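Following: one structure in structure tokens, then a few remarks.
This is how it looks when you write it as structure tokens:
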């Protein structure tokens with residue numbers, strides 16, 4: 247299943263579980279409005295639309311099978327947040343004009359800070375689904391929550407994978423690996439990358455041979471690729487958004503840049519189904535750490551949580 251739909255729906259289920267009448271559907275009276283803030287236009291819209299699709303699936307399930315929210319019909323009040331200014335403005339509108347008590351979104355580390363601060367000023371709950379900026383939960387905002395692992399966790403587990411699984415396959419000790427880092431330059435790319443760099447060097451002694459940051463809206467990554475060719479890494483740690491991953495992969499082939507392994511983190515970039523659709527068989531190769539991981543066990547959820555999870559998975563297959 248597209249991971250972003252899974253994350254958004256999972257977060258919505260968690261946020262509302264304590265309000266759900268999960269025994270059966272019933273005659274719903276009135277409405278319970280939930281604010282949803284996603285980038286539906288602009289450069290981040292691919293992921294924002296996937297998130298919204300997940301919310302809509304979950305909304306329909308809650309209304310048709312789980313008795314709504316406290317006996318009321320769940321209604322999504324949607325705001326478009328293509329940039330931080332719009333994110334703050336729409337969060338304020340959802341709270342003041344629409345009267346929502348909970349806002350969920352925005353998926354992006356570029357947007358989540360501005361959106362959550364605006365929500366906090368209006369004293370409404372802000373529930374973030376997948377912004378990984380390490381600073382997000384360290385600002386002392388008591389009504390701000392996040393269900394996603396942060397960038398430090400992503401970087402930590404990427405290095406775990408490289409050291410314990412890739413290195414043996416490449417016939418090398420972790421300390422013998424030559425590793426290059428490139429990333430888009432938002433707090434997402436930098437947060438994951440800097441965490442990975444620190445662990446790779448301090449714990450495993452990996453040899454860093456290159457570090458490059460770029461703007462994810464770029465239309466040419468050839469200069470970065472040429473630097474990587476000269477660095478000759480064994481492993482490339484690349485944190486990308488969406489189109490930049492496709493661009494890099496195509497231009498790397500044009501420049502005959504080959505590397506033994508490419509490692510990414512998140513449901514964007516190489517972890518986005520759009521990467522495979524755009525490149526077909528040429529997309530084979532990268533490793534992408536995403537969530538929920540293989541350790542996610544449905545039977546460890548509460549009975550209500552299991553019902554919601556199974557229902558969502560069934561809805562995705564429909």
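In this note's numbering, the protein residues as written are 247 to 564.
Cβ atoms here follow ideal geometry from the backbone N, Cα and C, with glycine treated the same way.
This one's a predicted model, so the numbers in the text were calculated from it and none came from an experiment.
Coarse secondary structure for residue i, derived from DSSP in three states
{"i": "residue 430", "result": "strand"}
{"i": "residue 351", "result": "strand"}
{"i": "residue 400", "result": "helix"}
{"i": "residue 488", "result": "coil"}
{"i": "residue 551", "result": "helix"}
{"i": "residue 505", "result": "coil"}
{"i": "residue 395", "result": "coil"}
{"i": "residue 513", "result": "coil"}
{"i": "residue 542", "result": "coil"}
{"i": "residue 558", "result": "helix"}
{"i": "residue 286", "result": "coil"}
{"i": "residue 386", "result": "coil"}
{"i": "residue 450", "result": "coil"}
{"i": "residue 369", "result": "coil"}
{"i": "residue 279", "result": "strand"}
{"i": "residue 457", "result": "strand"}
{"i": "residue 482", "result": "strand"}
{"i": "residue 346", "result": "coil"}
{"i": "residue 438", "result": "helix"}
{"i": "residue 424", "result": "strand"}
Residue environment, residue i, which counts as buried when at least 16 other CB atoms sit within 10 Å
{"i": "residue 502", "result": "exposed"}
{"i": "residue 583", "result": "This structure leaves residue 583 out entirely; the chain is present only between 247 and 564."}
{"i": "residue 278", "result": "buried"}
{"i": "residue 293", "result": "buried"}
{"i": "residue 303", "result": "buried"}
{"i": "residue 549", "result": "exposed"}
{"i": "residue 411", "result": "exposed"}
{"i": "residue 310", "result": "exposed"}
{"i": "residue 545", "result": "exposed"}
{"i": "residue 312", "result": "buried"}
{"i": "residue 394", "result": "buried"}
{"i": "residue 461", "result": "exposed"}
{"i": "residue 500", "result": "exposed"}
{"i": "residue 396", "result": "buried"}
{"i": "residue 382", "result": "buried"}
{"i": "residue 296", "result": "buried"}
{"i": "residue 449", "result": "exposed"}
Same chain only: Cβ atoms within 6 angstroms of residue i, ignoring 5 sequence neighbours per side
{"i": "residue 482", "result": "426, 505, 508"}
{"i": "residue 518", "result": "488"}
{"i": "residue 347", "result": "370"}
{"i": "residue 435", "result": "429, 485"}
{"i": "residue 534", "result": "510, 516, 517"}
{"i": "residue 433", "result": "355, 379"}
Of the residues the options, the one placed nearest residue i, counting alpha carbons only
{"i": "residue 375", "options": "519, 467, 512, 314", "result": "512"}
{"i": "residue 287", "options": "318, 388, 352", "result": "352"}
{"i": "residue 281", "options": "309, 317, 327, 290", "result": "327"}
{"i": "residue 423", "options": "437, 429, 446, 474", "result": "446"}
{"i": "residue 556", "options": "291, 308, 490", "result": "308"}
{"i": "residue 289", "options": "464, 475, 477, 562", "result": "464"}
{"i": "residue 441", "options": "380, 276, 559", "result": "380"}
{"i": "residue 356", "options": "334, 315, 310, 520", "result": "334"}
{"i": "residue 285", "options": "299, 274, 276, 275", "result": "299"}
{"i": "residue 473", "options": "455, 461, 490", "result": "455"}
{"i": "residue 387", "options": "559, 358, 291", "result": "358"}
{"i": "residue 497", "options": "529, 542, 477, 523", "result": "529"}
{"i": "residue 459", "options": "490, 409, 394", "result": "490"}
{"i": "residue 521", "options": "500, 493, 499", "result": "493"}
{"i": "residue 332", "options": "362, 514, 450", "result": "362"}
{"i": "residue 401", "options": "444, 315, 547", "result": "444"}
{"i": "residue 536", "options": "414, 495, 399, 452", "result": "399"}
{"i": "residue 561", "options": "301, 291, 527", "result": "301"}
{"i": "residue 392", "options": "373, 408, 416, 344", "result": "373"}
{"i": "residue 478", "options": "453, 466, 467", "result": "453"}
Residues of its chain near residue i, where Cβ-Cβ distance is below 7 angstroms and the 5 sequence neighbours each way are ignored
{"i": "residue 532", "result": "508, 510, 516"}
{"i": "residue 342", "result": "368"}
{"i": "residue 320", "result": "278, 280, 305, 308, 309, 314"}
{"i": "residue 625", "result": "Nothing about residue 625 can be read from this structure; the chain reaches only from 247 to 564."}
N- and C-terminal bounds of the alpha helix (DSSP H) containing residue i
{"i": "residue 306", "result": "291-311"}
{"i": "residue 332", "result": "330-342"}
{"i": "residue 521", "result": "519-525"}
{"i": "residue 408", "result": "No alpha helix (DSSP H) holds residue 408; DSSP gives it neither H nor E."}
{"i": "residue 477", "result": "468-477"}
First and last residue of the uninterrupted beta strand (DSSP E) at residue i
{"i": "residue 321", "result": "319-326"}
{"i": "residue 356", "result": "Looking at the DSSP string, residue 356 is not in any beta strand (DSSP E), and its letter there is neither H nor E."}
{"i": "residue 535", "result": "533-535"}
Sequence-distant residues of the same chain with beta carbon closer than 8 angstroms to residue i, five excluded per side
{"i": "residue 318", "result": "274, 275, 276, 277, 278"}
{"i": "residue 418", "result": "480"}
heavy atom of the ligand SAH below 7 angstroms from residue i C-beta
{"i": "residue 505", "result": "In the structure shown, the ligand SAH is absent, as is every other ligand, since no ligand is present at all."}
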